[in-house]
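Report on the structure given below.
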Ligand SMILES: Nc1ncnc2c1ncn2[C@@H]1O[C@H](COP(=O)(O)OP(=O)(O)OP(=O)(O)O)[C@@H](O)[C@H]1O
Ligand SMILES: Nc1ncnc2c1ncn2[C@@H]1O[C@H](COP(=O)(O)OP(=O)(O)OP(=O)(O)O)[C@@H](O)[C@H]1O
Ligand SMILES: [Mg+2]
Ligand SMILES: [Mg+2]
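Protein chains in written order, with the numbering used here: chain U, 1 to 390; chain G, 1001 to 1278; chain S, 2001 to 2324; chain D, 3001 to 3324; chain A, 4001 to 4282.
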């Protein structure tokens, strides 16, 4: 069997399952990478229940918490990861800088390692066995239409401001949505959470109650499930303030519509994605998969993703694939010296613009919590379902 | 020509409005699919171009439209052939009395009225519990049949309700065996209706969404792909795709109608004395 | 196409669930005759014919053809052929292919079967329509094709179920002449079901009158007409009066009733003009209805109207005692 | 239910696109008559009747009832009622409700309309079936209900489109007697469309023979029968021969042809037994077909078979010149 | 004997498909509805938790009520529109060729993707959509109407748009089989157009109405996607409840809801079937 006959099947959300990556893999590594893009519920479902349907899972860290115990994934040997040392600290010990505080929620490093290849429970510190190789991550906040709002927005609490009645939106993915809700409730001063990433039943009830009330009052125009829905809501002016993801902002802007990824005083809600290997991968396929992972960290993908507004796990390598202007704008938070283009050629920022929220350190440094799975997850899910249905 | 009553004009207006209602949105997206390269999913138009149609033929950021189209087309053909064969056979069976006919009939009705998501859920669960791999050509195929077969069967009932039994008796009288009777008499006579069943089978499958949602496995069919695109794509390319699939549906109907038309035309080459005396 | 076979029905019975459609009838159809089976609707004519043809299973009794019991043979093996009421021509096949159908089923090659079909189309004078589809033919033409198709199997007996009822009256009379002529030329047995007694009389060498699942009377057409055996037959054949005389019922032909100055007193209740004759329905003083068929010329010498008093007379020799 | 009205058709015309279905006919229907409208299929009978009823708009000309032009009134306002060929009974209503339908439409209360409906059911002798649905009735019974329903509006003219054609021959004869009787009792005009000339002769006081969208001949039944004016009428009414004599066409009644030892030489081509008579079809040496209606007794004295040579004679006075 | 054997042979493929992909899944759903679930997997058990939770939650009743509400309102609209359209086609269009042509015109959208047809409404109804812009430019309204999109209105509009055809077809089919002479008989008996409609046409069209009702009601009750799209995920019906549960891997809970939904639908259909003999009406 030759390497070029190998086909690896990868699935994940539309965020990073881009066909361009597959093409580049074919070019650089010679084997075929098949990409299937799904919505995030389906991603969890497939990772947890259909181990035979994929070779590589591109999932988020908090999903890993659910999926790992099923035994569908295999741990990765750190020694085979060439650039392990260069991976950002967030994914290893949880700290961006040595003095950083670890945010609430399912921080990636807490589910990033296991004791041994067969272990189904997570290790508390770095080991030789990684669950996921971090790929991309970002700090999320509210997106707004400054042209339609016309005043500064500073707090998560604005999401429920009656001023935006019928023009607000939130995402309908329970585990992420509940975190956004928590940010809002805390900002409003309604609830003080011990750990937003692991709420008690009472906290869940209270949070949902506040939002249900708002929903009944017609605060929300719609809910969205994938980032592109949020783009359409924002771009068409149906919504002026909503929880949003970075590339969505980029997409709105690329249509020449003013849209800001508003830094807020309470901080960001952050997430991280990584790729995991199916248990069933062995032999040449497994080797190819490692090759793919190493290639992934080599920088081409990082540059490709960073130019859309994400961060890469090994930023230094990505730098080589970006112009100084791009690096300055996206990573360092500097003013753009000329127009910033997306990898697809759309103008995302004009010369002189700076990135919302500033540099990597500023943004990732003010993360208030990570996307998470709670102990009371099932209860939360039911409550969420009720919220949507109410 | 004779004058029409006032109610005719009222109803005709109503009918015209109904058509506008039916076609309006489709026409809207057809127009929007000609957006300029900078255009979005909503009005106003941002220039006029064929950009998004060309874009459709380029590789998209995510997904695999043409693969999905090929799968849907293939699946549509599989479902079409199976639906025709199975419903004709069942239609023939229901003309005789056999034990269990009542139950089978009500099962078919159940199959027609059961919420699609239940089929999806149930089939998904079974495959999962049995450790089978779901795939559009196995679980997806079976799930779609639960939707197309009852339709096919109902059409066959309609056909056989109108089928004159004396044709079969005449065939038997002429020495045809049971199989020859089906092959040379029944099938040719009901052929136009079979085309209808085929058309139903194909398009129901080609557009089927809910029953395939959880039973298609790793590879999307076209409706699933479109569904995915509604959440993943933010450009008018999805309208271009919508416009093209609609045109494709028209093409299929057109082909079927033409086939029927030519079948009839071929039959009526000679002149006619129908209705005359001797 | 040689002569026909003798056909015998032995205690032939047909039951549909609880309905007794044919109740143990026995009859001997002699070869080469034109036999009309007639009777009111639902009396079992079609069931009988279809049992002979093999399209309906026999509940009990048997159908004996040329000495062999064929009750359990398939239709095509019996030497009978059937012509259906609506002709049942295959709509997707041309006239020629319809006629050649049975030959095709036997696997005979195209040239041979077309040759044979053309011969039969020649026989029924339909050669020039050979390439048409049945839907392009008029009723009369369709009927001829159906005949040709039935005859191509060289049956010994041709069974016809109300072959003329789909035609309008004008055409019906023309086609019945053709049927009769064809039967005479071929010399095979025709068994023709009808519920019109004029049709039966006009066509049948022999009539079989059925009622309530049994044969009421059978025999030469003229005998049945001239000497109905039961009241039912007398009434059904028409043109007869059934009168109560001295406690027993007698039949009297309507054209034997003389309307004049003497005889039984009666009142005219209806006058129907029938072309050459006028049918006078009268009511006698005992309340019996008597129909008199008066030649037109005679009637218009002294026209009668409903309500007029008349006197009826007849030749005693023309009375004809009926079975109870 | 008082007497009828006079009905006049003035230059009545019906066009369907390019087809001229009724071509400017004029006719005066006198009150209280039973008129039969007959003619071959497609000649415009139904169209005429439906224009009178108001179910078809008049292309030109007018329908004048009792002196008023009713051409543009709705059906129910004309004083006519129609009985449909297939009876058109409302399948979802009981017999009684069918009959009471028009009263219900007028808003008459239930008790009153049922009373009236019962009276009419009594008239047609259907009282005991009042609660059945139409599908549970035989053809003859359905016809009576349809009659009752048509009569409940107390029409001055009853229009019937082939009212008997759905019945079997036996029943047809019974029902035509009932129709005739009812018409006589009610005294209103009946206009009855048929394509059977025997039915028309038996029922009609007056016949209107149509062909190709025009009236070919109209008059008392006997006059039309005895003196057909055109070849078409002679042939259509049946029982007539049309013979070419000295370059012009003459009609000769079939029962006026004498088959004997002298006269024109001819060959028998078909023999049809018709009960009281035998119809001999013969071919003369000039190739003309002549039909002879021979009384049964006379025929069987010297029976003839197809192929026999005979001689035909007739009384010159019975010949009847036809219009070209 | 051999007759019913051939019949069995001919019916077997249908039976196999239905058993495999209808009966078995239903049984599976019923079984799983008693199972338990973790966040990512399900395990066999025999517990009534799922049902207990379902029936104890007030949301369940609300959602079932919403489902019936959608079904009923959609039914009412599709019926009135469908009946009117079918009536026009069957009784006011004169030539049969024209009838068939117009009828086909109505059915063509049926052959194209439901999803496409559904999303087509969004650019039309949005805050800055064609409808609002038109109304504003006509001066009928000053502010865009918010309730045009992402509301019950848009959900029902989409349902009506998608499913009216399922009413038109069977009603048209029955109407075409009404003997035209019955209508004439009604006029002859002095009925006005409205009276004819109400006393003759409507009663005779009932079977078609029933068949259409069966289609529309079951399609709406089983829907989960239209509600999600057209309400911007804001409204819910039972189908969405199930699909949410499925998305969150809560199969047993989804199954329990599914069982209740299935029973509801089957009861509704059983009731409707009492009024019509489908096989005879085709
Ligand atoms: N397939 C059947 N199932 C049940 N009963 C039947 C069937 N066919 C005929 N019958 C009944 O058997 C009896 C005789 O029917 P048959 O068709 O032989 O009458 P017929 O003399 O041909 O009448 P018609 O003149 O109306 O054709 C009738 O009572 C009829 O209802
Ligand atoms: N609705 C119609 N549209 C077009 N042509 C029609 C229509 N109705 C009748 N015709 C044509 O008008 C002519 C007369 O038809 P009509 O029905 O009056 O004949 P008819 O004498 O009643 O025939 P039949 O004995 O067959 O009932 C025929 O050529 C027929 O084809
Ligand atoms: Mg019969
Ligand atoms: Mg007519």
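All residues carry an ideal CB built from backbone N, CA and C; glycine is no exception.
Beta-carbon gap between residue i and residue j smaller than 8 Å
| i | j | result |
| --- | --- | --- |
| residue 2193 of chain S | residue 2049 of chain S | yes |
| residue 91 of chain U | residue 256 of chain U | no |
| residue 4154 of chain A | residue 4231 of chain A | yes |
| residue 371 of chain U | residue 179 of chain U | yes |
| residue 324 of chain U | residue 339 of chain U | no |
| residue 3280 of chain D | residue 3265 of chain D | no |
| residue 1140 of chain G | residue 1212 of chain G | yes |
| residue 3099 of chain D | residue 3134 of chain D | no |
First and last residue of the uninterrupted beta strand (DSSP E) at residue i
| i | result |
| --- | --- |
| residue 2295 of chain S | 2289-2295 |
| residue 255 of chain U | Where residue 255 of chain U is concerned, there is no enclosing beta strand (DSSP E), given that its DSSP letter is neither H nor E. |
| residue 2190 of chain S | 2189-2194 |
| residue 1074 of chain G | Counting along the chain, residue 1074 of chain G falls outside any beta strand (DSSP E), though it belongs to the alpha helix (DSSP H) covering 1065-1095. |
| residue 3080 of chain D | 3080-3083 |
| residue 243 of chain U | 241-244 |
Burial state of residue i, where buried means 16 or more other Cβ atoms lie within 10 Å
| i | result |
| --- | --- |
| residue 2002 of chain S | Because the pLDDT of residue 2002 of chain S is 45, which lies under 50, any placement of that residue in the model is unreliable, and the number read from its coordinates should be weighed accordingly. Classification for residue 2002 of chain S: exposed. |
| residue 4043 of chain A | exposed |
| residue 1169 of chain G | buried |
| residue 1001 of chain G | For residue 1001 of chain G, the pLDDT reaches just 43, beneath the cut-off of 50, and the residue's location in the model is therefore unreliable, leaving the point undetermined. |
| residue 2102 of chain S | buried |
Where residue i sits in the DSSP three-state scheme
| i | result |
| --- | --- |
| residue 3134 of chain D | helix |
| residue 3168 of chain D | coil |
| residue 175 of chain U | helix |
| residue 163 of chain U | helix |
| residue 332 of chain U | coil |
| residue 2265 of chain S | strand |
| residue 2126 of chain S | coil |
| residue 3175 of chain D | helix |
| residue 3154 of chain D | coil |
| residue 2057 of chain S | coil |
Residue i: first and last residue of the uninterrupted alpha helix (DSSP H) it sits in
| i | result |
| --- | --- |
| residue 4161 of chain A | 4152-4176 |
| residue 2114 of chain S | 2110-2123 |
| residue 1108 of chain G | 1101-1113 |
| residue 146 of chain U | 146-149 |
| residue 2036 of chain S | Unbroken run through residue 2036 of chain S is the beta strand (DSSP E), 2034-2038; no alpha helix (DSSP H). |
Check: residue i C-beta below 7 Å from any heavy atom of ligand 5
| i | result |
| --- | --- |
| residue 18 of chain U | Absence of ligand 5 from the depicted structure is noted, with ligand 1, ligand 2, ligand 3 and ligand 4 being the only ligands included. |
*Could I get the ranges of all uninterrupted alpha helix (DSSP H) runs contained in the region 257-317 of chain U, with 4 residues as the minimum, in chain order?*
Listed in chain order, the complete alpha helix (DSSP H) runs (minimum 4 residues) inside the region 257-317 of chain U are 283-297, 300-306.
*Which runs of the beta strand (DSSP E) fall wholly inside the region 204-232 of chain U and span at least 3 residues, in chain order?*
If we require 3 residues or more, the beta strand (DSSP E) runs fully inside the region 204-232 of chain U come out as 220-224.
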